[in-house]
Amino acid sequence: LWPLPRSLHISPARLQLAPKRFQILHGSGSSAGPRCSLLQDAFRRYYGYIFGYSKWQNHDEKKPLS
Amino acid sequence: ETELFSLQVIITSEDSECDKYPGVESDESYQLQVSEPTAVLKASKVWGALRGLETFSQLVNEDDYGSFFINESDISDSPRFAHRGILLDTSRHFLPLKSILINLDAMAFNKFNVFHWHIVDDQSFPYQSITFPELSAQGAYSYNHVYTPTDVRLVIDYARLRGIRVIPEFDTPGHTESWGKGQKDFLTPCYNGEHPSGSYGPVNPILNTTYDFMLQLLKEIRTVFPDEYIHLGGDEVDFTCWRSNPDVSEFMKERGFSHSYTKLESYYIEKILDMVSSVNKKSIVWQEVFDNGVQLQPDTIVEVWMGTLYKEELRRVTKEGHPAILAAPWYLDYISYGQDWKKYYSVEPLDFLGCRAQKELVVGGEACLWGEYVDATNLTPRLWPRASAVGERLWSSKNVTDIADAYNRLTEHRCRMLRRGVAAEPLFVGYCSNETGDRT
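Protein chains in written order, with my numbering: chain Z, 4 to 69; chain D, 36 to 475.
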């Protein structure tokens with residue numbers, strides 16, 4: 004990570020992410036919802052950063068972010 | 036391995052600040068918990084969510100078989116300093132909009148939150164003013180080398196979406212040669228003996244028209260740039276021209292300034308600072324304004340840039356109760372052979388003599404890239420990842436100083452920036468795992 008967070012605990016347990024199933028979304032109880040374009044834009048951007056540069060999968064059709 | 040299906044982002048406070056601009060008080064803290072089946076990112080405001088999204092994206096890796104994975108994690112994070120800036124000079128060389136936007140992206144990857152836009156200087160005036168269009172029409176390098184109101188709006192909006200403030204610098208009274216082309220009588224005529232020499236010096240501080248013009252310009256700047264602060268510059272004022280001008284000498288005599296041109300500069304700057312207050316903005320100035328004894332409002336931020344004795348300057352500025360921004364050790368236009376990122380990384384901003392209250396007045400720092408030798412062709416690799424070293428120093432805890440660990444993480448971070456389209460230069464020998472033979 005860069006820059007290093009203030010407090011960090013990373014466990015050895017690994018979770019898989021499937022680009023076609025994984026979603027970034029507003030959690031329940033959040034004061035920001037789908038009308039918050041700043042976050043909607045950030046969700047799209049970071050989905051792209053996470054999955055968009057794969058040497059294996061970047062030719063796949065991207066799942067549109069809900 | 037089990038699967039992570041989503042990242043849920045929760046803004047916990049009633050006002051998410053979604054429609055606002057970031058400011059010096061913005062809360063950028065966040066908590067991130069990654070566990071099956073969903074990760075949760077909690078932040079009080081959207082600014083913290085943006086920082087947390089960046090962290091989450093860095094936690095996801097791709098293995099050699101193209102599978103994405105993330106380790107279960109628990110992170111609680113907040114910045115050490117509120118002001119973490121990058122100064123880009125778009126006057127000495129013009130920077131195309133695209134370069135600015137790419138660097139805003141890179142800033143977000145490194146959790147910087149202030150774009151100090153050194154938009155005009157002696158060499159050119161690319162800012163297209165609505166009130167005074169001749170400033171850029173005459174003062175820009177060409178009609179192409181301008182930032183239109185639409186361009187400026189785009190930069191501000193693009194920055195906001197990344198939690199980055201845009202603070203413009205309109206340096207005054209020095210570094211204003213380019214202003215004189217489009218604003219008659221704004222600069223002081225220099226004299227050679229009894230006759231005008233044909234050259235012009237700093238802003239002419241003895242004319243009422245100077246102040247009328249500055250007030251109009253500041254009123255426009257207030258409406259264009261939403262940030263609470265304006266950087267007024269105030270550095271490197273050459274008194275030679277003022278000294279040569281008989282009208283300035285007469286004015287000095289009338290005011291009782293004797294031969295102290297620092298008093299004349301102070302007279303001018305104090306009027307400008309009052310104007311800034313009158314348009315409901317606050318000021319950031321370079322350290323000379325403080326050094327010259329100008330009466331500053333207590334909330335005026337002093338930016339320390341002189342490399343020698345900067346710790347003593349921090350002590351003096353904060354002893355007088357002024358907030359300070361540290362730039363001196365992070366002038367990235369100075370290049371040297373080898374891994375100079377270590378030098379920037381090793382700076383401890385609070386390493387100066389002063390009590391706790393003084394140290395709390397250091398609001399942050401800025402990495403500066405002046406434009407003499409930098410344009411769109413080499414700006415990004417010269418800036419990154421060297422500025423990343425400054426970024427961690429300003430964000431992470433004081434005890435994060437292990438150079439070997441930083442090297443490993445920064446090497447990987449540089450590869451990540453490359454993948455995301457930022458042409459960051461290598462730290463040292465090595466390679467990036469996503470490089471292929473046909474990649475340039």
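Note that beta-carbon positions come from the ideal geometry of N, C-alpha and C, so glycine has one too.
Report task. Name, in chain order, the residues that DSSP records as bridge partners for I105 (chain D). Result -> Sequence index remark: in the second sequence, residue 105 (chain D) carries index 70 (1-based). In DSSP, I105 (chain D) forms a bridge with Z:L18.
Query - DSSP-derived helix/strand/coil call for G426 (chain D) - result: Counted from its first residue, the second sequence places residue 426 (chain D) at position 391. Helix at G426 (chain D).
Query raised in the report: Taking just the CA atoms, how far does P208 (chain D) sit from D247 (chain D)?
Result: Against the second sequence, residue 247 (chain D) aligns to sequence position 212. Against the second sequence, residue 208 (chain D) aligns to sequence position 173. Spanning the two alpha carbons is a distance of roughly 14 Å.
Query raised in the report: Can you list, in chain order, the residues of its chain whose CB lies under 8 Å from that of T446 (chain D), leaving out five sequence neighbours each side?
Result: Translated into the one-based positions of the second sequence, residue 446 (chain D) becomes position 411. Once the five neighbours on either side are set aside, the close Cβ partners of T446 (chain D) are L462, F463, G465.
Report task. For the beta strand (DSSP E) holding D124 (chain D), just list the boundary residues, first then last. Result -> Within the second sequence, the letter at position 89 stands for residue 124 (chain D). Here the beta strand (DSSP E) through D124 (chain D) covers 118-124.
Report task. Note down the Cα distance separating L331 (chain D) from N315 (chain D), rounded to an integer number of angstroms. Result -> Along the second sequence, one-based indexing puts residue 331 (chain D) at 296. Along the second sequence, one-based indexing puts residue 315 (chain D) at 280. Straight-line Cα distance between these residues: approximately 15 Å.
Query raised in the report: Can you list, in chain order, the residues of its chain whose CB lies under 8 Å from that of D140 (chain D), leaving out five sequence neighbours each side?
Result: Within the second sequence, residue 140 (chain D) is the residue found at index 105, counting from 1. Cβ within range, chain order: R197, R455, G456, V457.
Query - Cross-chain neighbours of H448 (chain D) in chain Z, by beta carbon under 7 Å - result: Start at 1 with the first residue of the second sequence, and residue 448 (chain D) comes out as number 413. W5, listed in chain order.
Query - Through-space distance from N227 (chain D) to L267 (chain D), alpha-carbon basis - result: Here residue 267 (chain D) refers to the residue found at position 232 when the second sequence is read from its first residue. Here residue 227 (chain D) refers to the residue found at position 192 when the second sequence is read from its first residue. If I take the Cα positions, the gap works out to 30 Å.
Query raised in the report: Roughly how many angstroms lie between the CA atoms of S134 (chain D) and L123 (chain D), to the nearest whole one?
Result: Counted from its first residue, the second sequence places residue 134 (chain D) at position 99. Counted from its first residue, the second sequence places residue 123 (chain D) at position 88. Straight-line Cα distance between these residues: approximately 10 Å.
Requested in this report: Taking only beta-carbon positions, decide if N106 (chain D) is within less than 7 Å of chain Z.
Outcome: Walking along the second sequence from the start, residue 106 (chain D) turns up at place 71. Judged by the 7 Å Cβ criterion, N106 (chain D) is in contact with chain Z.
Report task. Using 10 angstroms around the beta-carbon of A392 (chain D), count the other beta-carbons present and answer buried if the total reaches 16, otherwise exposed. Result -> Working through the second sequence from its first residue, we reach residue 392 (chain D) at position 357. So A392 (chain D) ends up on the exposed side.
Requested in this report: Check whether the region 33-53 of chain Z touches the region 82-95 of chain D, taking contact to mean three or more Cβ pairs, one atom from each stretch, closer than 8 Å.
Outcome: yes
Report task. To the nearest angstrom, report how far apart C450 (chain D) and L18 (chain Z) are at their CA atoms. Result -> As a first step, residue 450 (chain D) must be located in the second sequence, where it is residue number 415. As a first step, residue 18 (chain Z) must be located in the first sequence, where it is residue number 15. Roughly 23 Å between the two C-alpha positions.
Query raised in the report: Could you give the distance in angstroms between the alpha-carbon of G32 (chain Z) and the alpha-carbon of I110 (chain D)?
Result: Taking the first residue of the first sequence as 1, we reach residue 32 (chain Z) at position 29. Taking the first residue of the second sequence as 1, we reach residue 110 (chain D) at position 75. Rounded to the nearest angstrom, the two C-alpha atoms are 21 Å apart.
Query raised in the report: Which residue or residues does DSSP assign as beta-bridge partners of T37 (chain D)?
Result: Within the second sequence, residue 37 (chain D) is the residue found at index 2, counting from 1. DSSP output for T37 (chain D) lists Z:L18 as bridge partner(s).
Query - Cα-Cα separation between E63 (chain D) and N243 (chain D), rounded to whole angstroms - result: Here residue 63 (chain D) refers to the residue found at position 28 when the second sequence is read from its first residue. Here residue 243 (chain D) refers to the residue found at position 208 when the second sequence is read from its first residue. Between E63 (chain D) and N243 (chain D), the C-alpha separation is close to 44 Å.
Query raised in the report: How big is the Cα-Cα spacing for H523 (chain D) and P203 (chain D)?
Result: Residue 523 (chain D) is absent from the model: chain D starts at 36 and stops at 475.
**Report entry** Nearest-angstrom Cα separation, counted from L136 (chain D) out to T125 (chain D)
**Finding:** Within the second sequence, the letter at position 90 stands for residue 125 (chain D). Within the second sequence, the letter at position 101 stands for residue 136 (chain D). Their Cα atoms are separated by approximately 13 Å.
Query raised in the report: Would the region 155-175 of chain D and the region 428-444 of chain D be scored as touching if the rule is three or more Cβ pairs under 8 Å?
Result: no
Requested in this report: Round the Cβ separation of Y380 (chain D) and R428 (chain D) to the nearest angstrom and send it over; I've been treating them as touching at under 8 Å.
Outcome: In the second sequence, residue 380 (chain D) corresponds to position 345, counting from 1. In the second sequence, residue 428 (chain D) corresponds to position 393, counting from 1. With a Cβ gap of about 6 Å, Y380 (chain D) and R428 (chain D) count as contacting.
Query - Three CB pairs or more closer than 8 Å across the region 399-407 of chain D and the region 357-371 of chain D - result: yes
Query raised in the report: Using a beta-carbon distance cut-off of less than 7 Å, what residues from the region 24-50 of chain Z approach chain D?
Result: R24, F25, Q26, I27, L28, H29, G30, G32, S33, S34, A35, C39, L41, L42, D44, A45, Y49
Query raised in the report: At what residue ranges does the region 401-447 of chain D contain a whole run of the alpha helix (DSSP H), taking only runs of 4 or more?
Result: 414-418, 421-430
**Report entry** Option in D:V397, D:S102, D:D112 with minimal Cα separation from P6 (chain Z)
**Finding:** In the first sequence, counting from the first residue as 1, residue 6 (chain Z) sits at position 3. Here the closest residue by C-alpha is D:D112.
Query raised in the report: In whole angstroms, what is the alpha-carbon distance linking D98 (chain D) and H448 (chain D)?
Result: Mapped onto the second sequence, residue 98 (chain D) falls at position 63. Mapped onto the second sequence, residue 448 (chain D) falls at position 413. Rounded to the nearest angstrom, the two C-alpha atoms are 17 Å apart.
Report task. Compile a chain-ordered list of the residues in the region 85-109 of chain D whose CB is closer than 8 Å to at least one CB of chain Z. Result -> L85, L88, E89, T90, F91, S92, Q93, L94, V95, E97, Y100, G101, S102, F103, F104, I105, N106, E107, S108, D109
Query raised in the report: Residue range of the alpha helix (DSSP H) that C276 (chain D) falls in?
Result: By one-based count along the second sequence, residue 276 (chain D) stands at place 241. Looking at the DSSP string, the run of the alpha helix (DSSP H) that includes C276 (chain D) is 275-279.
**Report entry** Exposure of L88 (chain D), with buried meaning 16 or more beta-carbon neighbours within 10 Å
**Finding:** On the second sequence, residue 88 (chain D) is found 53 positions in, with the first residue counted as 1. L88 (chain D) comes out buried.
Report task. Classify R188 (chain D) as buried or exposed, calling it buried when 16 or more other Cβ atoms lie within 10 Å of its own Cβ. Result -> Working through the second sequence from its first residue, we reach residue 188 (chain D) at position 153. Exposed is the call here.
**Report entry** Partners in chain Z for S41 (chain D), counting only beta-carbon separations shorter than 8 Å
**Finding:** Residue 41 (chain D) sits at position 6 when you count from the first residue of the second sequence. The contacting residues are F25, Q26, I27, L28.
**Report entry** Contact list for the region 423-436 of chain D against chain Z, Cβ threshold 7 Å
**Finding:** S423, G426, E427, W430, S431, S432, V435
Query - Outcome for D206 (chain D) when other beta-carbon atoms lying within 10 angstroms are tallied against a minimum of 16 - result: Position 171 of the second sequence, counted from the first residue, corresponds to residue 206 (chain D). Buried, by the Cβ-count rule.
Query raised in the report: Would a check of beta-carbon distances place C225 (chain D) closer than 7 Å to chain Z?
Result: Position 190 of the second sequence holds residue 225 (chain D). Not closer than 7 Å to any Cβ of chain Z, the Cβ of C225 (chain D) fails to qualify, so no.
Report task. Identify which residue in D:L361, D:N148, D:S79, D:P333 has its Cα closest to the Cα of T343 (chain D). Result -> Residue mapping note: residue 343 (chain D) aligns to position 308 of the second sequence, counting from 1. For the residues D:L361, D:N148, D:S79, D:P333, the minimum Cα distance to T343 (chain D) belongs to D:L361.
Query raised in the report: Should F260 (chain D) be counted as a contact of the ligand FMN given a C-beta to heavy atom distance under 6 Å?
Result: Although the ligand FMN was asked about, the structure shown includes no ligands whatsoever.
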